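**Student:** I am attaching a structure below and will ask some questions about it afterwards.
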Amino acid sequence: RPTKPVQPYGSSSLFHRDPRWWDGSDDLSIWLADRSPPSAKHAFLPFGVGPRACVGVAVSFLELQIIAATFASSFSMEAAGPDEPRPIASVTLQPDPGLALRLMPFDRLTVAA
Numbered sequence: 004r005p006t007k008p009v010q011p012y013g014s015s016s017l018f019h020r021d022p023r024w025w026d027g028s029d030d031l032s033i034w035l036a037d038r039s040p041p042s043a044k045h046a047f048l049p050f051g052v053g054p055r056a057c058v059g060v061a062v063s064f065l066e067l068q069i070i071a072a073t074f075a076s077s078f079s080m081e082a083a084g085p086d087e088p089r090p091i092a093s094v095t096l097q098p099d100p101g102l103a104l105r106l107m108p109f110d111r112l113t114v115a116a
């Protein structure tokens, strides 16, 4: 038991390589959705948590939104699946069984005048 106040700290770099949670942690394919082990559901903290969390987390999420919007604005999108997706209520509304999209670059589209 500590006799002085202590500040516990966990290294996300070590945490993300812990063999208890990640089998073959230096194999980058473990980050693919179908390869992620069930034990790792809450074992991924890329930005940390709490008052010592990464100050760049907000910037990273803003960058992701800008990249996604830029990418999406370059394409015309239409449903590609055979069935109309069914909305599933969760914390957010999600399509079931997912949403297949066909992307057509705008430079390939012919625009009627």
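Each residue of the sequence shown is one higher than the one before, starting from 4 at the first, in the working numbering.
Glycine is no exception: its CB is placed at the ideal position from the N, C-alpha and C atoms.
Since the structure is predicted, the reported quantities are computational estimates derived from the model, not experimental observations.
#1: Rank TRP25, LEU48, SER76, GLY53 by C-alpha distance to the C-alpha of GLN10 and give the top, closest one.
#2: Kindly indicate the opening and closing residues of the beta strand (DSSP E) around GLN97.
#3: Is GLU66 helix, strand or coil when you go by DSSP?
#4: DSSP state of SER79, grouped into three classes?
#5: Hey, quick one: how far does the alpha helix (DSSP H) through LEU17 stretch, first residue to last?
**Tutor:** Considering the structure as presented:
#1: In terms of Cα proximity to GLN10, the closest of TRP25, LEU48, SER76, GLY53 is GLY53.
#2: 96-99
#3: helix
#4: It is a strand residue.
#5: First-last of the alpha helix (DSSP H) with LEU17: 15-18.
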